[in-house]
Structure formats: structure tokens, C-alpha cells
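Note that our numbering has the sequence shown beginning at 5, numbered continuously upward. Even glycine gets a Cβ: it sits at the ideal position worked out from N, Cα and C.
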Amino acid sequence: MKFAFLVTPHVGGTFTVYSSLRAELRAHDIELRWMGPADERALLADARWADEMKSGEAIGSSGADPGEAQAREMAARLDAGGYDGVFVNVLSDQASTNLIRHIPARYLRIMIVHNITPGTYAAASAIRDHVHAIVCVCDRARDDLCRRRGFAPDRISVIRNAVTMPKLSVDTPARGTATGLRTLFLGRIEDASKGVLLLPAILKRVHDDVTLTVAGDGPDSKRLKIALSVLEHRAAMIGATPQTEVPTLLARHDALIMPSRFEGMPMALIEAMAMGCIPVASWIDGVTNTIVENERNGLLFPVGNATAAAEALDALRADPAWRAELSAAARATAADHFGGARMGQEYGKLIHALKLHRPPIAPPVSFAEWRLPRGLHPGLRTYLPRPVKNALRVAQERLKLRFRAEGRLQ
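So, in C-alpha cells, the structure goes:
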């Protein structure tokens, strides 16, 4: 079988998921190729993505409505390429998400929900009647969609993201004997979801021999660089790291700091654990606490709490033996529960089951009736000031944590 994965090459979790899944589905006789709106010449000119053109299709833009034109072109490529089905990643882009309502009935359609935001849920609701199956990458997304949006539980599968990391031999001090603490932030430098502007406050509160490497790029890079300038002897921003170099980068650090306000199933966290880099992450209920078991294979701290994050890092710094134990446990957890073969097996099983029995879905909408449904338009929360949205997200997560501690949240 041949499936399109609607995404374009980028430094981020969704494309990392695609890359892992493409490799693993080969064992299940399923070919996976990416497809999405992109500038083909720009991708070919970028050393990071030039080779990806062999395994995907970039869709250019033209016409009065670029989104509709791109969707029509994707539909044509699906037909010409002999595809059997499509993976749609909710809100990867509007054209790809809305395309799923317009393609012919012969295609199998699987929706993947990667995040836990109201906007993600609204978009998922807008297309749910046009997909045969829904995959959530974390328990939180499944529970929210069923409780708040009326999704049928029997149409949702939880398949957690996974990675297959290489075995490396790198010149790095053992984690149980190295002095200080080598801390890494890896990912998109963006404050609303990733909480990156909390990093300077955390670093100011830890011991002087705790260092920070920031690997990534994004809209808040300049703001973070300015905020870290007073700590430049202990902090380094190295820019975006090619995916091929991520394993070595992780292996040369003791801990991954992840101060996110919201996540789906953070790939950087899983990649870090696979390389024995101890996760120190925000407690996002139904997400990070389903990956990290606090004080056994990593450490969790309340969302937005710089003091608690700093205390966690200092505890690791002060106890090299415990650090070695956590590192080994993190690596074991990744191997046992987040390996790529497991993810490929679960997706392969789902696809073959859908091939045998397709649940009924809504008939396709004619391209003549192309429009973006309400759920694909920005919601009211989009217009709130960033500090207000950040405060609301922190309050929500801390309330969930409090309810769980009191036994009021199952």
C-alpha cells in the first residue's frame, strides 16, 4: 500500500515522526511519502532537505486562493501517484487539513492529533466526519476530544510517537562522573508553547557549574539571546541542529530541560531519553507524566515554575550516582516503550484493519464548494495578548496537577 503523509520538511516533531514512521512501515509493506505546500527550489537548495525530495512531493502555490489551488494539486498528485490513503496532521497547514474533506471516497484517511490546544481540537472536530480513524499521540488529547468534543472513543487510537536512535560511540564523560551539569534545550525557540523565555530565570537560580546549550531556531531566538546575554559564560545558542547530529548532541549532555506550557508527545523528550539524557520537564498532565516517571527516569516540575526547575537541575548536579541511575532508566524506558518498531507495528495494524473494514464517513465535498470550515479559522483565543494566554495555560496545568494530587483527577 502507498500512503501520503501531509507534511513538508521542517525542523520539528511532526517531520521527525514522519521520518521514523516511513522507515518502520516498510516492514509492513506500506510505502510512506510526504506531500505538502512548499517551495521545491528552496528545499533543493537547502542541504538539510535536498535528499528529501526523493521521498516526497512539494506543492507550489498559484491562483487567487493559494490554499484551494494547493489542495487541488495535492488531489491530482494523489490520483496520479496511485496512492491508497492519506495521513492528515491536524493544523499542519490549512490546505492539507481541509483537503481531507474533498478527496474521493476511495482513499483511506487517518487523522493524527499532535497537540492539546483548543485550536487543534477545533480543527480536528471540523474534519472528523471525513476520516476513517483518528490517532492521538497522547492520552490527554484522546480524553479531551471525547469529553469536550463528543468524539466516539471507539474511533480513536492512542499511538505514542517513537524514535529509533543509533548506537553511538562519542567522546563524552560518563554521566555519573562528569563535574557540573551539562544541560540542553532542543527544539523550536518559541515561548508560547515551549516556554523558552523561562530558561534565563532557571539558569540564574542554579549553581554556577550548570551550563546550558540551546539548540534550535524560531521566532523568539533574538529575545532569548538578549535575555541570556548576562549569562553568556554559561549559556550558548548554537542554532538549528541537523537531525543527523541530534543523537551526538544529546549524548554529550546530561539533562534536557523542557519548560513547555503545552505539548502533544514531545519528540525531543523521547529522543533525549533514548540517548540517556535525563529529561527535566514541565508536568503537563496526560502528556509528560505518561513518559517521565518523576524521580525514576527523569524529573518533572510545575509548568512555569523556574524555582522548581532549578532545584531539579541542582539535585542532579549534586548527585552523580543518582544521575547515572536516572540516565540508565531513561534509556531503558525509551527502548521498552518508545521504540520505532512498536510505533510502526501499531500503525501497520491499524492500516490493515481499516483495509478490511472501513467505517462509514461523510461523502466527499466537491472542490466547487471549497471553503474553510469554522474550526480551521483562528479562534477568539488567537486575539488574546500573549501574556494572558500564557497565564491561562499555566493556571490550567497547575490546576490539573493540584486535582491529581488531591485524587480528584483520574
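When the options are compared against residue i, the one with the closest alpha-carbon
i	options	result
M279	T187, A255, E297 and V167	A255
R151	K229, M169, I295 and S129	S129
T245	A99, G220 and L303	G220
R132	N102, P122 and L304	N102
A325	D97, R144 and L185	L185
S100	R159, Y125, G71 and R81	G71
G16	R153, H257 and R192	R192
S225	G243, H237, D213 and D212	G243
L25	A231, M57, A399 and M347	M347
K198	S286, H237 and V141	S286
A54	P13, G85 and D69	P13
G308	R265, G85 and G86	R265
A366	A27, G85, I104 and D97	I104
V21	D69, C140 and D212	C140
D212	D69, D147 and A322	A322
T337	V296, L149 and Q98	V296
A27	R390, D97, L47 and A345	A345
Under 7 Å between C-beta atoms of residue i and residue j
i	j	result
P270	M277	no
N93	V162	no
A127	L376	no
A333	N301	yes
L235	L188	no
E194	G222	yes
P306	R402	yes
D318	V210	yes
T4	D143	Coverage of the chain is limited to positions 5 through 414, which leaves residue 4 absent and any answer about it impossible.
A2	L190	The chain is shown only over 5 to 414; residue 2 falls outside these bounds and no answer can be derived.
R2	Y125	With the chain covering only 5 through 414, there is no way to say anything about residue 2.
S23	R37	no
E56	R81	no
V200	L228	yes
A156	I120	no
V218	M241	yes
Residues sharing a beta bridge with residue i, DSSP
i	result
A35	Sequence inspection shows Glu at residue 35; the Ala mentioned does not correspond to that position. For E35, which the question treats as bridged, DSSP gives the partners K6.
T215	R186
L303	V284
S161	V139
L112	G89
P382	None, per the DSSP bridge assignment.
E61	M39
L260	L188 and P283
M271	DSSP, once it has assigned bridges, lists no residue as partnering M271.
N298	G302
V11	Its beta-bridge partners do not exist; DSSP assigns none.
V167	G343
G243	A219
V117	C140
Contact set for residue i: own chain, Cβ-Cβ below 6 Å, skip 5 residues either direction
i	result
E267	I288 and V291
A49	none
M5	I34 and D88
V90	A8, Y111 and R113
R52	P246
L202	P263 and A310
L216	T187, L207 and A239
P204	A231 and L232
A316	V284, L303 and F305
Cβ-based neighbour list, residue i, same chain, cut-off 7 Å, excluding 5 preceding and 5 following
i	result
P108	P368
S65	P41, A73 and Q74
G343	A166 and T168
L358	L112, H136 and A137
R30	none
H32	G348 and G352
E3	For residue 3 there is no data in the structure shown, the boundaries of the chain being 5 and 414.
E77	I63
N394	A196 and R265
L95	T101, G123, T124 and A127
Chain-order list of residues whose beta-carbon lies under 8 Å from that of residue i (same chain, five-residue window excluded)
i	result
H106	A75, A79, P368, V369, S370, F371 and W374
A320	For clarity, residue 320 is Leu in the given sequence; the question names Ala instead. Within the same chain, L320 has close Cβ partners L185, D258, A259, I282, V284, L303, W326, R327 and L330.
R378	A126 and A130
D147	G290
L354	I114, A137, V139, S161 and I163
*Report yes or no: do the region 31–50 and the region 111–119 share at least 3 C-beta pairs separated by less than 8 Å?*
no
*Three-pair Cβ contact test at 8 Å for the region 353–367 versus the region 123–142*: yes
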